[in-house]
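K.L.:
Residues in the sequence shown are numbered consecutively from 1, following full-length UniProt numbering. One structure, pasted below without further comment.
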Amino acid sequence: MTETFNLSDYDCIGFDLDNTICEYRIGPMVQMIYDVLIDYLIKNCNYSANHLRQPVDFDFFQRGLILDAEKGNILKINGAGQILRAAHGTKFMSDEEIVSVYGPNRTWSVTDVFIQNFLETWNGPMSEKIRPLLDFFDIPVSLVFGRCIDGIDNVSRPQTYSVWPDVLKGLIYMYSRENFSANTGDYFPYLKSTPSLYYNKCPDYVLNWLKELKQTKKVFLISGSHVDYANFTATQSLGENWKDLFDIAVFYARKPGFFTANKPFYNTDSQMLNECNIVENIQFNNIYSQGNWNQLHDLFKKETGKSNPKCLYVGDNILQDVVAPAKFSGIDTIAVVEEMKLDSNDNDINPDNKMLRSNKWSSYLVDCDKRDTSIWTSFIANHGKLCIPSLKHLAKKPINFEFTPFTKSKAVLNGNGFFPFIPNSLYKIIK
Numbered sequence: 001m002t003e004t005f006n007l008s009d010y011d012c013i014g015f016d017l018d019n020t021i022c023e024y025r026i027g028p029m030v031q032m033i034y035d036v037l038i039d040y041l042i043k044n045c046n047y048s049a050n051h052l053r054q055p056v057d058f059d060f061f062q063r064g065l066i067l068d069a070e071k072g073n074i075l076k077i078n079g080a081g082q083i084l085r086a087a088h089g090t091k092f093m094s095d096e097e098i099v100s101v102y103g104p105n106r107t108w109s110v111t112d113v114f115i116q117n118f119l120e121t122w123n124g125p126m127s128e129k130i131r132p133l134l135d136f137f138d139i140p141v142s143l144v145f146g147r148c149i150d151g152i153d154n155v156s157r158p159q160t161y162s163v164w165p166d167v168l169k170g171l172i173y174m175y176s177r178e179n180f181s182a183n184t185g186d187y188f189p190y191l192k193s194t195p196s197l198y199y200n201k202c203p204d205y206v207l208n209w210l211k212e213l214k215q216t217k218k219v220f221l222i223s224g225s226h227v228d229y230a231n232f233t234a235t236q237s238l239g240e241n242w243k244d245l246f247d248i249a250v251f252y253a254r255k256p257g258f259f260t261a262n263k264p265f266y267n268t269d270s271q272m273l274n275e276c277n278i279v280e281n282i283q284f285n286n287i288y289s290q291g292n293w294n295q296l297h298d299l300f301k302k303e304t305g306k307s308n309p310k311c312l313y314v315g316d317n318i319l320q321d322v323v324a325p326a327k328f329s330g331i332d333t334i335a336v337v338e339e340m341k342l343d344s345n346d347n348d349i350n351p352d353n354k355m356l357r358s359n360k361w362s363s364y365l366v367d368c369d370k371r372d373t374s375i376w377t378s379f380i381a382n383h384g385k386l387c388i389p390s391l392k393h394l395a396k397k398p399i400n401f402e403f404t405p406f407t408k409s410k411a412v413l414n415g416n417g418f419f420p421f422i423p424n425s426l427y428k429i430i431k
């Protein structure tokens with residue numbers, strides 16, 4: 001008998017904000033991030049403007065690529081850690097070159113650790129060797145990093161590279177949580193000056209669906225964004241009364257740590273500008289900062305009157321929103337993979353998203369030439385219940401609609417779990 005999956009079975013349903021409930025216009029956003037990052041590197045770190053100021057090659061962008069920082073390589077791997085494709089700088093490596101660097105098994109000891117427990121590569125010495133590009137905020141890093149490597153190689157090719165620490169400084173310069181209110185770091189000022197260029201409005205039927213969920217469920221929001229930026233984003237996408245859609249909201253949650261550690265909750269001021277004092281007892285109808293899942297789950301127990309309320313979380317960052325909640329907190333999860341939109345025959349496609357098509361790296365979910373699935377397909381199938389291109393596809397169905405989830409067995413991936421369609425690139429492999 002086929003297993004089914006039903007939202008009405010859950011007591012508490014939570015969402016990420018950025019690229020989940022709030023959809024960005026990916027094209028303008030990625031172009032702006034690229035421009036800000038290269039300006040920083042040219043002005044502050046003396047990288048080659050000749051290489052970095054070339055027109056953006058959107059075909060080189062793909063979510064889920066992994067930086068081998070010391071070797072100056074960019075990798076795409078499968079669920080077993082084998083390297084499917086690799087580039088040194090922006091120059092793609094042949095199979096022979098991959099084998100000469102990574103051995104006949106085409107594996108790297110650091111990605112082997114990453115697959116077993118990604119937290120070991122999240123902080124500490126190993127985080128200096130590897131960087132997975134997990135979401136649309138760091139997707140331009142592949143091209144920036146690659147072109148920095150090209151510029152160095154143009155002079156002389158070193159044994160090891162120290163580009164990644166400079167790129168990381170650039171990302172911190174852009175995204176530090178103090179920057180939104182201070183209007184510094186370039187990223188937030190651009191965003192605030194023309195929000196309509198970067199944000200899509202959430203359609204009314206999705207807002208109505210959230211309201212309907214809240215009638216019978218506890219609905220929560222957990223975002224990594226600082227409270228002032230998150231409030232701005234939610235207002236742009238959901239409207240001024242966005243707080244009414246949720247029983248509780250947590251910002252600057254510092255995922256995946258939110259699901260693995262016990263950081264305290266902080267309250268926020270009434271203008272939602274700042275984090276204030278540590279809070280011992282959190283309550284519904286409030287906005288908090290930081291915190292941890294265990295304490296939030298205890299609140300759900302109290303509010304539902306159940307000893308083990310059933311919880312579901314929906315998000316786009318595969319490690320932070322899908323793997324971590326499922327693996328470390330026992331929460332069911334749904335992956336939002338916007339790349340699915342252009343891996344289908346569906347004509348209802350946002351024109352901004354041309355860059356999400358299969359490209360030089362093949363598709364996000366598979367490598368068509370190798371006829372193999374990516375590490376991200378494995379993570380999603382092993383830890384998620386569903387994979388959807390947009391929250392809109394859930395909102396278009398009744399709350400008691402029965403989905404077919406991923407099969408949690410060693411059976412070959414069969415397409416179950418992908419909704420509302422099996423991506424074309426994946427279908428060609430499994431059919």
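We treat Cβ as the ideally placed atom computed from N, Cα and C, and that holds for glycine.
What residues in its chain sit with their C-beta under 6 angstroms from that of Arg177, if we drop five residues either side in the sequence?
P.N.:
For Arg177, the CB contacts under 6 angstroms within the same chain, skipping 5 residues up- and downstream, are His226 in chain order.
K.L.:
May I ask you to report which of helix, strand or coil DSSP gives Gln290?
P.N.:
Here Gln290 sits in strand by DSSP.
K.L.:
Do Gln271 and the ligand SAH come close, with the Cβ less than 7 angstroms from some heavy atom?
P.N.:
Here there are no bound small molecules, and the ligand SAH is not part of this structure.
K.L.:
Given a threshold of 16 other Cβ atoms within 10 Å of its Cβ, counted over all protein chains shown, does Met32 qualify as buried or as exposed?
P.N.:
buried
K.L.:
Since Phe61 and Ser142 are thought to touch, with beta carbons under 8 angstroms apart, how far apart are those beta carbons, to the nearest angstrom?
P.N.:
6 angstroms
K.L.:
Specify the secondary structure class of Phe137 as computed by DSSP and reduced to three states.
P.N.:
coil
K.L.:
Please go through the same chain and pick out, in chain order, the residues whose beta-carbon is closer than 7 angstroms to the beta-carbon of Pro325, but skip the five residues on each side of it.
P.N.:
Phe259, Tyr313, Ile331 and Thr333
K.L.:
Taking contact to mean at least 3 C-beta pairs separated by less than 8 angstroms, is the segment 112-129 in contact with the segment 177-194?
P.N.:
no
K.L.:
Between which two residues does the beta strand (DSSP E) containing Ile66 stretch?
P.N.:
Per DSSP, Ile66 belongs to the beta strand (DSSP E) from Ile66 to Asp68.
K.L.:
Starting from Ile388, trace the beta strand (DSSP E) both ways and give me its first and last residue.
P.N.:
Leu386 to Ile388
K.L.:
Counting only runs of 4+ residues fully inside the segment 190-236, write out the alpha helix (DSSP H) ranges in chain order.
P.N.:
195-198 and 204-216
K.L.:
Could you please give the first and the last residue of the uninterrupted beta strand (DSSP E) stretch that includes Pro132?
P.N.:
Ile130 to Pro132
K.L.:
Could you give the C-beta distance for Ile318 and Trp376, rounded to a whole number, given that I count them as a contact under 8 angstroms?
P.N.:
5 angstroms
K.L.:
Which class does Thr184 belong to by DSSP, given the choice of helix, strand or coil?
P.N.:
Here Thr184 sits in coil by DSSP.
K.L.:
Taking Cβ to Cβ, would you say Val279 is nearer than 8 angstroms to Phe300?
P.N.:
no
K.L.:
Pull the bridge partners of His88 from the DSSP assignment, please.
P.N.:
In the DSSP output, where bridge partners are listed per residue, His88 has Asn73 and Lys91.
K.L.:
For Ile399, I'd like the list of residues in its chain whose CB is within less than 7 angstroms of its CB, leaving aside the five on either flank, ordered along the chain.
P.N.:
Leu7, Ser8, Glu212 and Leu213
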